[in-house]
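Enquirer: Structure in structure tokens, see below.
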Amino acid sequence: MRTPSRSLRVLLAVFSTALALPAALLAPQTATAAAPSGVGPKVTSSADGIALTVPSAGNAPGYTLAIATGQLTLATRRSGTDVLSTAGGGTGGLRFRTGDTWQHATKVTGWSWKSGVLTLTAATTADGATVAARITPASDRYQLDWDVEGVEPDRLGLAYDLGSAGHWYGHGEAETTQGGPGTDQPWPLDSGEVVHPSFGPASYNMVDPFWYTSRSTGLRVDTGHVMDVAINEGKDGLGRFDVDSADTYKATVFVESAPLEVYRDYVGIVGKPAKSDATYEQYAKPVWNSWAQFYTNVDQAKVLDYATDLHDAGLEGHTVQLDDKWESNYGNLTFDSKAYPDPKAMARKIHDLGFDFGLWVTLWINLDSDNYRFAVDHGYLLKDAADTSKPCTVTWWNGTAGIIDLANPDAKAWYTGRVKALMSDYGIDGLKFDTRFFDDKCAPHDGYKPTDYQRLGTELADEFDLQGVGIRVHWNSTAHQAGFVTRQVDKGTGWESLRASVSQNLAISTIGYPFVTTDMIGGSGGQPAPTKDVLVRWAQSASLMPLMYSSTSPVDTIDVTTGQKVTYDQQTVDLYRAAIKQHERLAPYIWDQVRQTLKTGDPIMRPLFFDFPKDQESYTVSDEWMLGPAVLAAPQLGDRATRTVHLPAGVWYDVNHDTVIRGPKNLTGYGAPLGVTPAFVNLKAKGADKALRALRGSDAPAASVLLAPDAPETGSGTPFEMTTTAVNWSSRPLRHVTAALDVPDGWHAEATTAARAESLAAGAVLTTKWTVTPPADARWGSHTLTGTVTYGGGPEVSDSLPVKVKPVPGTVSPPYRTADTAGDARFAQAGDQLAIWAGGQDLSGWKDEKGAVYESGVLGEQSTVRARIVSQDAVTPAGKAGIAVANDLSAPEKGGYAVLVMTDKYGLEFMTDSDGDGGLDTWAGGGATYHPAYLRLVRDGTTYTAYASKDGTAWSTVGSATVPSASGTGDAGVIASAVNAYYPGERIQAVFDGFSVTGS
4 MRTPSRSLRV LLAVFSTALA LPAALLAPQT ATAAAPSGVG PKVTSSADGI ALTVPSAGNA
64 PGYTLAIATG QLTLATRRSG TDVLSTAGGG TGGLRFRTGD TWQHATKVTG WSWKSGVLTL
124 TAATTADGAT VAARITPASD RYQLDWDVEG VEPDRLGLAY DLGSAGHWYG HGEAETTQGG
184 PGTDQPWPLD SGEVVHPSFG PASYNMVDPF WYTSRSTGLR VDTGHVMDVA INEGKDGLGR
244 FDVDSADTYK ATVFVESAPL EVYRDYVGIV GKPAKSDATY EQYAKPVWNS WAQFYTNVDQ
304 AKVLDYATDL HDAGLEGHTV QLDDKWESNY GNLTFDSKAY PDPKAMARKI HDLGFDFGLW
364 VTLWINLDSD NYRFAVDHGY LLKDAADTSK PCTVTWWNGT AGIIDLANPD AKAWYTGRVK
424 ALMSDYGIDG LKFDTRFFDD KCAPHDGYKP TDYQRLGTEL ADEFDLQGVG IRVHWNSTAH
484 QAGFVTRQVD KGTGWESLRA SVSQNLAIST IGYPFVTTDM IGGSGGQPAP TKDVLVRWAQ
544 SASLMPLMYS STSPVDTIDV TTGQKVTYDQ QTVDLYRAAI KQHERLAPYI WDQVRQTLKT
604 GDPIMRPLFF DFPKDQESYT VSDEWMLGPA VLAAPQLGDR ATRTVHLPAG VWYDVNHDTV
664 IRGPKNLTGY GAPLGVTPAF VNLKAKGADK ALRALRGSDA PAASVLLAPD APETGSGTPF
724 EMTTTAVNWS SRPLRHVTAA LDVPDGWHAE ATTAARAESL AAGAVLTTKW TVTPPADARW
784 GSHTLTGTVT YGGGPEVSDS LPVKVKPVPG TVSPPYRTAD TAGDARFAQA GDQLAIWAGG
844 QDLSGWKDEK GAVYESGVLG EQSTVRARIV SQDAVTPAGK AGIAVANDLS APEKGGYAVL
904 VMTDKYGLEF MTDSDGDGGL DTWAGGGATY HPAYLRLVRD GTTYTAYASK DGTAWSTVGS
964 ATVPSASGTG DAGVIASAVN AYYPGERIQA VFDGFSVTGS
């Protein structure tokens, strides 16, 4: 009889113990715990405040609400520590807008405690206005309702000090200053800047008015109106939750001992899924949708080729869906006969290949559709909010349209009848609804509210097979309880979108929509086709989520930006297929989680801290998640071959290396080449056995290598130290382990410790220190270093990272000269690269303090000056860097003076000296700041014209001005000023290249 391996013996020993859910995921408690008999909230007061104390009860920890009476603020405290506080000062916690001016509550002028309700009255910053607030406590939450009296506001809002509650989560798909929700989703929310002015029930974004925090508090705003939500806008540390209405502001604040309990409190109000709209097969296999493969350049022949290629490559799926651009016109619900000469034959062929067939549909009917006039004449469309005698028209991504009014029974019957007839006639198995059911420009049907349309849309969609792509409904209880799969808003095709797809799934699933899938694997936002690595990594990531939503074929696709065919290699197909197979093996475990969610409402894909609330590091982990209680997913979401994996407390099985690891532990430099998807099984969690059977076994390399430090910097010619760390992740020794460090041409790397081990034991490391020296003329900027490790019988493994060669103050070489009116400027040069460090109070009319590197006598009367600002680093928002010309740059008062600069925060500035006194007195510019920035200044006699470009190809005019004092041949160069008049002592560093002067 064969003896089990040591790792298998460990597994058997672990499984002999009880398999139990983590404590955080025991069955949820009732929504509101009751206090022990005779014990309840109490209110006390002092000279400067009121305290509402709620005792602990059951699992609820109890809390105190401290109310400051000098200026009305609310500080929620648990065990004596602030866990959520409203904003104070000029922002105010309870705020309202009247006459376009924000006002807020100030001094508390009266209060009473009666029948379990604390009533407060407060003065405000608005003349004649008061705030009346009512606080109703329960053991794990309190209700806060308040109104403004004496004036008629148009908005009411709560503002919170974000830091008082730790980190913030929830919200759903967030509009952000960095491109969200399409390419950005900060996790936690306060790590970015959320600016979401149209946050409401009719939004296309999947959002709910619910937020929770790392200190186990939560906020729910009970409204059917549009909100304006800002979280850390401008890095101000505030959360503002404004409602576009004068109605009573209704909020619930949850106070619990763990974030998961806050989530459960919220789900206790809005409801958990009553069912899942997706079948087991739809969880087990991907759906293939045509959108990102073809966008709107699609026809019957292309769809059939697509389905055939998938079938022949062994890329399984349950459905092929034909997305946008099959209709003769939007709203006709008839096939375009030229593009689809025989739709029934198309459906039959797709069925023969083993797929179901699905179709994209919408409730928008374009104005030029054959059905538009019929729908108008029969009253089937929503009416305009401003004039209900005419239909509401809205602009969407495919034109201008009306929207079917689902509250009109005849309209709904007409629409569903046509859709069902279409499906029956052509053998269509299911639908992808891609639509809004209501728009804020429209008026709801008599007897209905805007929020009712989410329910009506839910009821409509529930009549059809949605084929595992679900529908985007939100905000009300019907949407929560319907159990639809939730797919994300369209993503880009780069790494940032892949990362956003993960954090966005976490956001959506933790506001009560647990059956999540990312946008189409590889992205679908009209960007260039995903690279091989992005496509594979996205598929690997999705394989460890509840469902897989596919489009871009790993065989080949069309780049929408060029119209050119993109063919992937065989490895791409193989790795994508492996991801599908892994997900299919996980399906029994995932289906168990679906059934558990129907009992508890708990999300399937969730942040680590839902299961491990005491693990503080997990609250900022954005690239790992729990898939149910047993699987920790940590796929590589970037272009590195290694990553750091955080494992919370527990006994974890590494499925790639057949080893057991006891957490908490950070696995630094975990090997994750393209064929490896890091995943770990919590051996003491329920479902670990099924997860292990699905995930064990991999051809992952036995070793990895990690380069450190992560972000090295040096100067030209300056040696620095690097390390390579080789790790043996296997259960047996490795032979002939050799480390190497590859550096750019002209660089030198020398090992100062051992770079070879004849034998490296299981779990052992080989750390090698290297001295790396760039050449004296190394260009400033990023250069790639690659560490490699080879070992007997295995593949070479590698890790690469950029090293930044930064400028160091030195000298410049002729023909360049320098000028310093700031008094502290320093300069450097490396080939055509130039750098300036300078202070200076300003570079404008009242002060001309700067550092300059320039050439003398090169600017003729018909000349063009060019330069690129590579970077500028200034604390001051108005710090300036750019190009300058003058008759004599060392003495601008001699005339001909003009500058074109980029400021640190305020965009471009083009300034000239119109009267020849050396002072800059004309201005043009503005816009957003960007880098690199290409600048061009053209002289035509005494006329200067300034241009700027983001890429050096597409130029925009900044301004033009006459400088009468410009005469003869002058100077031209690059300049920088810190503009530190209000920031004493601060300096700027600016780096330029490509400086040239042409013409005569």
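The sequence shown begins at 4 in the working numbering and counts up one residue at a time. No residue lacks a Cβ here, since even glycine has one placed at the ideal position from N, Cα and C. Values in this document were obtained by computation on a predicted structure and should not be read as measured data.
(1) Mind reading off the beta-carbon distance from leucine 469 to tyrosine 286? Whole number of angstroms is fine, and I expect it under 8 Å.
(2) Is glycine 317 near tryptophan 291, with beta carbons less than 8 Å apart?
(3) Taking aspartate 85 as the reference, give the member of Trp926, Thr680, Gly166 with the closest Cα.
(4) Does DSSP put isoleucine 524 in a helix, in a strand, or in coil?
(5) Within the continuous beta strand (DSSP E) that includes valine 197, where are the two ends?
(6) From Ala951, Gly921, Asp943, pick the residue whose C-alpha is nearest to that of proline 1005; which is it?
(7) Would you check if the region 390-397 and the region 416-434 touch, i.e. whether three or more CB-CB distances between them fall below 8 Å?
(8) Is there contact here, the region 786-803 with the region 811-818, by at least three beta-carbon pairs under 8 Å?
(9) Report the rounded CA-to-CA distance for leucine 24 versus arginine 490, giving the unit in angstroms.
(10) What is the DSSP secondary structure of asparagine 508, counted as helix, strand or coil?
(11) Can you tell me whether aspartate 996 is helix, strand or coil according to DSSP?
(12) Classify serine 999 as buried or exposed, calling it buried when 16 or more other Cβ atoms lie within 10 Å of its own Cβ.
(13) Please tell me whether proline 600 and proline 276 are closer than 8 Å, where the distance is taken between their beta carbons.
(14) Would the beta-carbon of leucine 923 fall within 8 Å of that of alanine 870?
(15) Give me whichever residues DSSP pairs with glycine 653 in a beta bridge.
(16) Determine whether the beta carbon atoms of alanine 310 and leucine 356 lie at a separation below 8 Å.
(17) So phenylalanine 613 is in the alpha helix (DSSP H); what residue range does that whole segment cover?
(18) May I have the straight-line CA-CA distance separating tyrosine 334 from arginine 158, to the nearest angstrom?
(19) Less than 6 Å between C-beta atoms, sequence neighbours within five positions excluded: which residues of the same chain meet that for tyrosine 579?
(20) Is it buried or exposed, tryptophan 190, if we count other Cβ atoms within 10 angstroms and call 16 or more buried?
(21) Would you mind listing the beta strand (DSSP E) stretches within the region 269-303 that are 3+ residues and don't spill past its ends, in chain order?
(22) Is the Cβ-Cβ distance between lysine 435 and aspartate 339 less than 8 Å?
(23) Alanine 126 to threonine 139, Cα distance in whole Å?
(24) Can you tell which of Ala981, Val563, Thr124, Trp732 has the C-alpha that lies nearest to the C-alpha of lysine 908?
(25) Helix, strand or coil, according to DSSP, for lysine 45 in the structure here?
(26) If you follow the alpha helix (DSSP H) that methionine 548 is in, where does it begin and where does it stop?
(27) Since threonine 186 and serine 500 are thought to touch, with beta carbons under 8 Å apart, how far apart are those beta carbons, to the nearest angstrom?
(28) Compute the Euclidean distance between the alpha carbons of glycine 944 and serine 968, then round it to the nearest angstrom.
(29) Measuring only the C-alpha atoms, how far is valine 878 from leucine 744?
(30) Report the option in Gly795, Phe257, Ser331 whose CA atom is closest to the CA atom of proline 64.
(31) Quick one: is tyrosine 215 buried, meaning 16 or more other Cβ sit within 10 Å of its Cβ, or exposed?
(32) Which residues share a DSSP beta bridge with histidine 107?
(33) From this set, Gly91, Trp732, Leu611, which residue's C-alpha is nearest glutamine 106's C-alpha?
(34) From the beta carbon of leucine 385, is the nearest beta carbon of chain C less than 8 Å away?
(35) Return helix, strand or coil for isoleucine 607, following the three-state DSSP convention.
(36) Can you tell which of Tyr207, Ala582, Lys807, His448 has the C-alpha that lies nearest to the C-alpha of arginine 439?
Expert: On the basis of the coordinates in this document:
(1) The residue given as residue 469 occupies position 466 in the sequence shown. The residue given as residue 286 occupies position 283 in the sequence shown. Actually they do not touch by this definition, with Cβ atoms about 13 Å apart.
(2) Stepping through the sequence shown from its first residue, residue 317 is reached at position 314. Stepping through the sequence shown from its first residue, residue 291 is reached at position 288. Not in contact: glycine 317 and tryptophan 291 (Cβ atoms no closer than 8 Å).
(3) The residue you call residue 85 lines up with position 82 of the sequence shown. Selected option, being the one with the closest Cα: Gly166.
(4) In the sequence shown, residue 524 corresponds to position 521, counting from 1. Coil, per DSSP.
(5) Against the sequence shown, residue 197 aligns to sequence position 194. That run of the beta strand (DSSP E) goes 197-202.
(6) The structure shown has nothing for residue 1005, since the chain only spans 4 to 1003.
(7) no
(8) no
(9) For the purposes of this step, residue 24 is taken as residue 21 along the sequence shown, with counting starting at 1. For the purposes of this step, residue 490 is taken as residue 487 along the sequence shown, with counting starting at 1. Note on leucine 24: pLDDT 36, under 50, position unreliable in the model; no value is reported.
(10) Locating residue 508 in the sequence shown gives position 505, where the first residue counts as 1. Helix.
(11) Locating residue 996 in the sequence shown gives position 993, counting from the first residue. Strand, per DSSP.
(12) Mapped onto the sequence shown, residue 999 falls at position 996. With fewer than 16 other Cβ atoms within 10 Å, it is exposed.
(13) Residue mapping note: residue 600 aligns to position 597 of the sequence shown, counting from 1. Residue mapping note: residue 276 aligns to position 273 of the sequence shown, counting from 1. Reading off the sequence, residue 600 comes out as threonine, not proline. Contact flag set, yes.
(14) Working through the sequence shown from its first residue, we reach residue 923 at position 920. Working through the sequence shown from its first residue, we reach residue 870 at position 867. No, the Cβ-Cβ distance between leucine 923 and alanine 870 is not below 8 Å.
(15) Here residue 653 refers to the residue found at position 650 of the sequence shown. Answer is Gly666.
(16) The residue you call residue 310 lines up with position 307 of the sequence shown. The residue you call residue 356 lines up with position 353 of the sequence shown. Taking 8 Å as the Cβ cut-off, alanine 310 and leucine 356 qualify as a contacting pair.
(17) Sequence index remark: in the sequence shown, residue 613 carries index 610 (1-based). Here the alpha helix (DSSP H) through phenylalanine 613 covers 611-614.
(18) Along the sequence shown, read from residue 1 onward, the residue named residue 334 stands at position 331. Along the sequence shown, read from residue 1 onward, the residue named residue 158 stands at position 155. According to the sequence shown, residue 334 is glycine rather than tyrosine. Taking the straight line from one Cα to the other gives about 37 Å.
(19) Locating residue 579 in the sequence shown gives position 576, where the first residue counts as 1. Within the same chain, tyrosine 579 has close Cβ partners Ala542, Pro557.
(20) Here residue 190 corresponds to residue number 187 of the sequence shown, with the count starting at 1. Looking at its Cβ environment, which holds 16 or more other Cβ atoms inside 10 Å, tryptophan 190 is buried.
(21) 290-292
(22) Taking the first residue of the sequence shown as position 1, residue 435 is located at position 432. Taking the first residue of the sequence shown as position 1, residue 339 is located at position 336. No. Outside cutoff.
(23) Position 123 of the sequence shown, counted from the first residue, corresponds to residue 126. Position 136 of the sequence shown, counted from the first residue, corresponds to residue 139. Answer to the nearest angstrom: the Cα atoms are 21 Å apart.
(24) In the sequence shown, counting from the first residue as 1, residue 908 sits at position 905. Nearest C-alpha to lysine 908: Ala981.
(25) If you number the sequence shown from 1, residue 45 lands on position 42. The answer is strand: DSSP assigns lysine 45 an E or B state.
(26) Taking the sequence shown and counting its residues from 1, one reaches residue 548 at position 545. From DSSP, methionine 548 is part of no alpha helix (DSSP H); its letter is neither H nor E.
(27) Taking the first residue of the sequence shown as position 1, residue 186 is located at position 183. Taking the first residue of the sequence shown as position 1, residue 500 is located at position 497. Their Cβ separation, rounded to whole angstroms, is 5 Å, which keeps threonine 186 and serine 500 in contact under 8 Å.
(28) Counting from 1 along the sequence shown, the entry for residue 944 is found at position 941. Counting from 1 along the sequence shown, the entry for residue 968 is found at position 965. Near 10 Å, if we compare the C-alpha coordinates of serine 968 and glycine 944.
(29) The residue given as residue 878 occupies position 875 in the sequence shown. The residue given as residue 744 occupies position 741 in the sequence shown. Their Cα atoms are separated by approximately 37 Å.
(30) Within the sequence shown, the letter at position 61 stands for residue 64. Selected option, being the one with the closest Cα: Phe257.
(31) Residue mapping note: residue 215 aligns to position 212 of the sequence shown, counting from 1. Buried is the call here.
(32) One-based indexing of the sequence shown puts residue 107 at position 104. In the DSSP output, where bridge partners are listed per residue, histidine 107 has Arg98.
(33) The residue you call residue 106 lines up with position 103 of the sequence shown. When each option's Cα is compared against that of glutamine 106, the closest is Gly91.
(34) Chain labels in this structure do not include chain C; a single protein chain is all it has.
(35) Counted from its first residue, the sequence shown places residue 607 at position 604. Isoleucine 607 falls in the coil class under three-state DSSP.
(36) Start at 1 with the first residue of the sequence shown, and residue 439 comes out as number 436. Closest option to arginine 439, Cα to Cα, is Tyr207.
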